[in-house]
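Protein sequence lines, in the order shown, are assigned to chains A and B. For the first sequence, this note's numbering assigns the number 1 to the initial residue and increments by one for each residue that follows. For the second sequence, this note's numbering assigns the number 1 to the initial residue and increments by one for each residue that follows. Heads up, the thing below is written out as C-alpha cells.
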Amino acid sequence: MFKLVKNTLLVLAISLVIVITVGALLSPFGWGDSTFYTKSKYFLDHPEKFNGVYVGGSLEYRHIDPYVIDSIANKRGVDLRSFNLGNDGYNLPLQVWVTENLLKKNEGNLKYIFLSLSSDPLFYKGILHTKEWNYWQNPKSVLFSIRVLYQMDLPSKIQRQFSRFYINSLAENMLKFGMMDDLIQFHAKPVLADSLYLGHRKNGYFPYDDEERYLSLRNDLPEEIVSKMQNNELSKIDYQQNYLKRDSLELLWSNSFATYVPGKKPVPLYLDTYMDLHKKCAEKGIKLIFVMPPKGRTDYQLLQAIYDQLPSDSRINLADPRVYPEFFTLENGYNYHHMNAKGSEIYSKKLGMQIANLISK
Amino acid sequence: MLFNSIEFLIFFPVFLSIYFILPQRHRWFFTLAASLFFYMCYDPKYIFLLMFSTGISWYSAKKIAESSEEKARRNWLATGLILNIFQLVIFKYLNFFDDNFRGLFELIGLTYPVPEPWFNNIILPVGISFFTFHTLAYTLDVYKGITPVERNFAFYTLFVAYWPQLLAGPIPRANQLIPELRKPVEVDYERMKSGLIRMAIGMFKKVVIADRLSIYVNQVFDNYQHATGWTIVLGASLFFIQVYCDFSGYSDIALGASRMMGIRLMENFKRPFFAKNLADFWTRWHISLSTWLTDYVFFYLGAYKSTGLKVVFNVIFVLTICGLWHGANWPMVLSFSMIGVMMAIRYLWQFNVVRQIKPSNTYRWSEKILTDNAHRIITFFSLMFGFMLFRVQNVIDHLTAKGLDVSWTEVAGKLYGNIFKLGEAGFFSEVVAHKGEVNFFLGMFFIFILLLTEGLAGDHQIEDKIVERKPLFRWSVYIFMIVCILWFGVFNESEFVYFQF
Chain A
1 MFKLVKNTLL VLAISLVIVI TVGALLSPFG WGDSTFYTKS KYFLDHPEKF NGVYVGGSLE
61 YRHIDPYVID SIANKRGVDL RSFNLGNDGY NLPLQVWVTE NLLKKNEGNL KYIFLSLSSD
121 PLFYKGILHT KEWNYWQNPK SVLFSIRVLY QMDLPSKIQR QFSRFYINSL AENMLKFGMM
181 DDLIQFHAKP VLADSLYLGH RKNGYFPYDD EERYLSLRND LPEEIVSKMQ NNELSKIDYQ
241 QNYLKRDSLE LLWSNSFATY VPGKKPVPLY LDTYMDLHKK CAEKGIKLIF VMPPKGRTDY
301 QLLQAIYDQL PSDSRINLAD PRVYPEFFTL ENGYNYHHMN AKGSEIYSKK LGMQIANLIS
361 K
Chain B
1 MLFNSIEFLI FFPVFLSIYF ILPQRHRWFF TLAASLFFYM CYDPKYIFLL MFSTGISWYS
61 AKKIAESSEE KARRNWLATG LILNIFQLVI FKYLNFFDDN FRGLFELIGL TYPVPEPWFN
121 NIILPVGISF FTFHTLAYTL DVYKGITPVE RNFAFYTLFV AYWPQLLAGP IPRANQLIPE
181 LRKPVEVDYE RMKSGLIRMA IGMFKKVVIA DRLSIYVNQV FDNYQHATGW TIVLGASLFF
241 IQVYCDFSGY SDIALGASRM MGIRLMENFK RPFFAKNLAD FWTRWHISLS TWLTDYVFFY
301 LGAYKSTGLK VVFNVIFVLT ICGLWHGANW PMVLSFSMIG VMMAIRYLWQ FNVVRQIKPS
361 NTYRWSEKIL TDNAHRIITF FSLMFGFMLF RVQNVIDHLT AKGLDVSWTE VAGKLYGNIF
421 KLGEAGFFSE VVAHKGEVNF FLGMFFIFIL LLTEGLAGDH QIEDKIVERK PLFRWSVYIF
481 MIVCILWFGV FNESEFVYFQ F
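Set out below in C-alpha cells:
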C-alpha cells in the first residue's frame, strides 16, 4: 500500500511539475480573453500612438470615449492620446493585475494611467471555470483578493466562498485544467475579437448601442455571443420597464453618498495597493489618476472611504447621483449599470474636463 | 456522485483507506454502507426502490430454495420476477405506455379514459434498469440452481448495491460476484497498480475523448434541420465513438476501483470497433447486458436451434427488448430493432448464401487484412446508421427544454433523409472552425491513440500490456495520461450517457 501511495504521488508530482512549467511558459499576456487580448495587443503594438490608458471594467469600456477626452485636454494644451483598455467584468484584482503588467511592459510612452475605483474582489459566479476568468490568476493576485475579501465587511460565508473560488481558479490556471487546447489554438491561430471591439476610432471604446447595432446585422454569430446579446437585450428592456428597480437603485447610490460619514476607515489592503501603485507609477514618471465612475455594483461607502485617502491631485469622483443626475436618467441609460452612447458622451465630456483640470495643473 | 467529480476524488481514497484498515470480516459491511451512501448521493428517496427490488428478489429466491415442490418454486419465481418488473414498469415505462395509448385513442377518434396522470412527474431513478436486472438474474439463477441462495439479507444487499457497478453496470451474476465479495483480500501492489491504471484509462476515455466529442455531436444533432450528408455521417460516427468512450470509460473506472479492492467484476467491453460483423459486435459491446439477454431471453426463445424465420424473429425480438431496456421511447426501441433487422438479414445471407459457397483457402494475408478491415468498416457504419436513432430522443429532450414541440419522426426523417446527400456541403467544417481546429484535431488524435492501443493490446487489457513494459515506458504512459487528463479533459462534470438507463 505504501509503495502504491509513494509511486502514485511521485507520478503525480512529476506530472504536475511538467504541467505547471510548460503551462506557464506557453501563456502570453492576455491570451485567455479574446477581447482583452485584441485590445491590449493593439495598445501595446502602438506605443507611438498612445500616452494614456484607462484601466477598468465595463464601466470604463462602455462609457469612456478617449476621443472626447483627448480633444478636451488638447484644447487646454495638454498632450493626451489615450486608449480605453477597460474590459467587461474586470474587477479589482484584475484591474490591479492589468496595471502592474502595463507598468512592466511600458516602453516609456505612458504618461497617464486612469484606474477605475469601482469594484471589489467579488464577481459573477457564472464566469467560474472559464478560460476568460482563469487565465490571469496568479498566487499574488489570489492572495491579494482573499486578503481584501477578509478585510471587507462581508458575511463570512461570502468570504469563504469567494476565497475558495479564487483558490480553485488559481489551481485551474496553474494546471491549465482543460485549457491547453485553447492555449495551443491560441498559438496556432489566435481567436481575435472582431476589430470593432476596438471601437470605430480604434481607441478601445465600444458602447453597448454600437455593439447591439453591429451584432444585429450579423447572422453567423456563435451561440455565446447570441446568448450575450439576448441577455443585454433583456437587461435593457427590464431597465426601461422596471422603473421601481431603476429608482430604487438610484436611491441606493444617492443614499450611499448622502449618509456617508467622512472619516470612515477604508479597507487597508485595498488602499495600500492603490497607494503602492501610485508610488510605482510616479517612480516611472507616470501619473496615476483614480476615477470613481457612476452606476457601480459595489458599495460606494467602501469606495468613498478609499477615495478620501487618495492624493487629491490624483482622484476624480463622478459617481454621486446628486451631483451628476444626468448619468442616471432613462434617456441616457442603457441598462441598470450602464449608460448608452448618448450618456457615455456626456460622461466622457465631464470626465475629460476633470482630467484636463488635474493634468494641466 | 459522479466518477468524474471532485466528490468521488475524495470519496474513493477515503473509502479505500478505511476498507484496508478494517479487519477482513468487517469490510463487506463497510462496503455495503458505502454503497448505500453512494446511491443516496443522487436522491435518497430512491433507496426505497433499491431496497424493494432487493427485498423481493432475496425473499422469493429464499422461498424457491426452501420449496421442494416445483409448483411452489414456480410461483415464487413468478412472484419475484413480476414484482421486480412491475416496479421497473411503473418507474420507467408507465409514461411511455400512457403516451402511446393516448395517441392510439386519439388516432381512432376515441376519448382516452385516463385523466392526466400523476406519474407524469416521475423522474427515472438512476440505475433502476441495472439493479432490476441484477435481481432478476439472481432469482432466475437460484431457480435454475446455477447459484446457491444467499441467506444473509445484508450480504445480498451488498451484491445488488455494490457501488462500483450499481449505477451503470457491468450487470453482475450472483455466482461470479458473491464469491468475489466473500473472498479474503490482501493488499497487493501489482493488483492495485493495475486497478489504478484501469481507472486512469477510464477517466481518459470519459473526459478527454467522450466529453470532447460531445461538443461536435451536440452541434450536429441540435441543428439537425440543416445537417446533410457528411455532416450527419461525421456527427453520427463521433456519437458512436462518444458513447463507447463514455460507457466503457465508466466501466473501466468501476472495474479499476473494484480491482483495487480485490474484487473482480466481469469485463463489459472488448474492442467493439474491431468487430467484423454485427453478431461479433454484441460479444464485445456491453457484454454483461448482451450475455444477460442471451442467457435469459435468447436461449429461452430457442436461440439458433430453430431455423429461418424463427431465428429472424428471435434476433429482432431480443434486440427490441435491448432497445426497450435502454429507453422508454420509440427512437431507442427502433434503433435497436433496426440493428436487429440488419443482424437478421446477415444471418439469412450467411445461412442461405455464404454457407453454400465452398470456402477458399487461397487468400493471401494481405487480402485477409483487407477483407477483415472492410468488414470492420461495414460493421461500424451499419451500427452508426442504427445508433443515429439512439441520439434522436436527446434531440427531442433538448428541443422540448427550449419550449419547441417536435416529433421524433420529424427529426429521424430529416436525419435519415439527408444522410445520403453526400454531395452537399454541410456545416461540419463551420462547427470545427467555431470550436477551434486544434480542439477537433486533438479529438481525432486521441481517437487514433485509443484505437492504436486497443489494436496493439489485442485480446489483453491495455493496463496488463502497460505493466509488462519497462519502467521508463510505463512511467511515461502514466505521466502522459495524467497530463492529458489535466490539460485536455473537458471538466463540465457531465453525466455518463448510460446513467439515463
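Heads up, the beta-carbon is just placed ideally off N, CA and C, and yes, glycines get one too.
In this structure, DSSP gives M179 (chain A) a state outside helix and strand, which the three-state scheme calls coil. Beta-bridge analysis with DSSP links Y54 (chain A) to A:N84, A:F114.
Note that the C-beta distance between F257 (chain A) and Y300 (chain A) is below 8 Å.
Taking the Cα of L351 (chain A) as reference, the smallest distance to any Cα among A:H63, A:N332, A:K265 is reached at A:H63. With the rule of 3 Cβ pairs closer than 8 Å, the stretch 277–291 of chain A counts as touching the stretch 313–326 of chain A. With a beta-carbon spacing of about 14 Å, W487 (chain B) and V17 (chain A) fall beyond the 8 Å limit used to define contacts.
The straight-line gap separating the alpha-carbon atoms of D372 (chain B) and L334 (chain B) is approximately 28 Å.
The beta carbon of W282 (chain B) sits closer than 6 Å to the beta carbons of S290 from its chain, once the five residues preceding and following it are set aside; these are given in chain order. Non-local C-beta neighbours of K49 (chain A) in its own chain, meaning closer than 7 Å and more than five positions away in sequence, comprise R81, ordered along the chain.
Its Cα nearest to that of V126 (chain B), the residue B:F38 stands out among B:K276, B:I449, B:F38, B:N152. Setting aside the 5 residues that flank it on each side, Q137 (chain A) is surrounded in the same chain by S169, L170, N173, each with a C-beta closer than 6 Å to its C-beta; the list follows chain order. Contact of T8 (chain A) with chain B by beta-carbon distance below 8 Å involves L196. Distance from the CA atom of T320 (chain B) to the CA atom of N314 (chain B), rounded to whole angstroms, is 10 Å. Boundaries around K287 (chain A) are those of the beta strand (DSSP E), 287–292, since no alpha helix (DSSP H) includes it. A direct Cα-Cα distance of roughly 9 Å separates F96 (chain B) from V89 (chain B). For E180 (chain B), the closest alpha carbon among the candidates B:S382, B:M266, B:I197 is that of B:M266. Cβ atoms of Y90 (chain A) and V96 (chain A) stay farther apart than 8 Å, at about 10 Å. Shown here for A305 (chain A): same chain residues with a beta carbon closer than 7 Å to its own, the five before and five after excluded, namely K264, K265, P266 in chain order.
Under a 10 Å Cβ-count criterion, A161 (chain B) is classified as buried, with 16 or more other Cβ atoms of the shown protein chains found around its own Cβ. In the DSSP annotation of this structure, R315 (chain A) is not part of any alpha helix (DSSP H); the continuous beta strand (DSSP E) holding it starts and ends at 315–317. Our two residues, Y307 (chain A) and F427 (chain B), have alpha carbons roughly 54 Å apart in a direct line. With contacts defined by Cβ atoms closer than 8 Å, I485 (chain B) and F204 (chain B) form a contacting pair. Under a criterion of Cβ atoms nearer than 7 Å, the residues of chain A adjacent to Y189 (chain B) are, in order, K3, L4. Residue-level contact check: K193 (chain B) touches chain A, since one or more beta carbons of chain A fall below 8 Å from its beta carbon. For the pair E70 (chain B) and D295 (chain B), the Cα-to-Cα distance works out to about 21 Å. Listed along chain A are D181, each with a C-beta nearer than 7 Å to that of L442 (chain B). Proximity of chain B to A188 (chain A) at the Cβ level (cut-off 9 Å) is accounted for by G436, E437, V438, in chain order.
Counting of Cβ neighbours within 10 angstroms places Y189 (chain B) among the exposed residues, the total staying below 16. Membership of Y307 (chain A) in the alpha helix (DSSP H) is indicated by the continuous run 300–309. Among the CB atoms of chain B, none fall inside 8 Å of the CB of V226 (chain A). Exclusion of the five residues before and after E345 (chain A) leaves D65, V68 as the residues of its chain whose Cβ lies within less than 7 Å of its Cβ. Judged by DSSP in its simplified three-state form, Y334 (chain A) adopts strand.
Counting every other CB atom within 10 Å of its CB across the protein chains shown gives A275 (chain B) a total of 16 or more, marking it as buried. Nearest Cα to A78 (chain B) within the set B:V142, B:L324, B:K402: B:V142. DSSP, read as helix, strand or coil, puts M266 (chain B) in coil. An exposed status is given to V5 (chain A), since fewer than 16 other beta-carbon atoms sit within 10 Å of its beta-carbon.
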